[in-house]
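My numbering applies: residue 114 is where the sequence shown begins, and numbers increase by one.
All residues carry an ideal CB built from backbone N, CA and C; glycine is no exception.
Presented below is the structure to which this report refers.
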Amino acid sequence: MSRTGRRPGGGDTRDRILEVARRRFASRGYDAISLRSIATEAEVDPALVIHYFGSKEELFVAAAGLPDSLPELFAQPALLPREEFVRALVYGYLQLVDSDSSRNPVIALVRSAVSNERAATMLREFLTAELLPVIARFTRQPDARLRSALIIAHLIGIAMLRHVLRVEPIAKASPDEIAGLAVPVIEQYLREA
114 MSRTGRRPGG GDTRDRILEV ARRRFASRGY DAISLRSIAT EAEVDPALVI HYFGSKEELF
174 VAAAGLPDSL PELFAQPALL PREEFVRALV YGYLQLVDSD SSRNPVIALV RSAVSNERAA
234 TMLREFLTAE LLPVIARFTR QPDARLRSAL IIAHLIGIAM LRHVLRVEPI AKASPDEIAG
294 LAVPVIEQYL REA
């Protein structure tokens, strides 16, 4: 006899729940999404979501965790001269946020950081521990951390306009078009006086 209703937990169930959660948190943010809506889309019982993740916050932490390759994305270009670093940084970042496989966790974290303190803490800790020091090494200005933060603001703004707000023409611009305009601006932040 075949059973009807939601499917039971299987080998891929946890991954399916994470996939749905990443997409939902990226599209609407933490506060607008319920565990029930994630369970419904994943076609599982809400109790199974709790079984795997414990709470909505823990599901969010798992779903919005930054990709493991992110620190490497910024560490590799840090070995380059400044001019090459900026190009590698911009292209690497665009590749990250334009990729279907890595965009959702990043956008979910950025979008949710506006209204959820846990998301804000996760993003702030990554930026201050991993990214600001890498960028700050490329200028000897006394305000190197401020300059680094402005570069990060520029990059996050690109992702927000491109993938959250979908503002034209940036949403449809090619990575080459964006980099062609963004690289000189970011280089300006790093220039010596």
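- The residue among Ile264, Arg224, Arg253 and Val227 with its C-alpha nearest the C-alpha of Thr241 is Ile264.
- In chain order, Ile283 and Ala284 place their CB closer than 6 angstroms to the CB of Arg275, counting only its own chain and leaving out the 5 sequence neighbours on each side.
- Gly142 sits buried, since 16 or more C-beta atoms from the chains shown fall within 10 Å of its C-beta.
- Pairing Asp211 with Thr252, the inter-Cα distance amounts to about 28 angstroms.
- Judged by DSSP secondary structure, Met235 falls within the alpha helix (DSSP H) whose first and last residues are Glu230 to Phe239.
- In this model, Arg136 and Asn217 are separated by some 6 angstroms (Cα to Cα).
- In the three-state reduction of the DSSP assignment, Glu305 falls in the coil class, being assigned neither a helical nor a strand state.
- Within the same chain, Arg200, Val203, Tyr204 and Leu207 come within 8 angstroms of Ala292 by CB-CB distance, once the 5 residues on both sides are set aside.
- Ala284 sits in coil when the DSSP states are folded into three classes, being neither helix nor strand.
- In the DSSP annotation of this structure, the continuous segment of the alpha helix (DSSP H) that includes Thr126 starts and ends at Thr126 to Arg141.
- In this structure, the alpha-carbon of Ile269 lies about 29 angstroms from that of Glu154.
- In this structure, Leu148 keeps its C-beta atom at 8 angstroms or more from the C-beta atom of Thr126.
- In this structure Ala233 is not in contact with Ala139, their Cβ atoms being roughly 16 angstroms apart against a cut-off of 8 angstroms.
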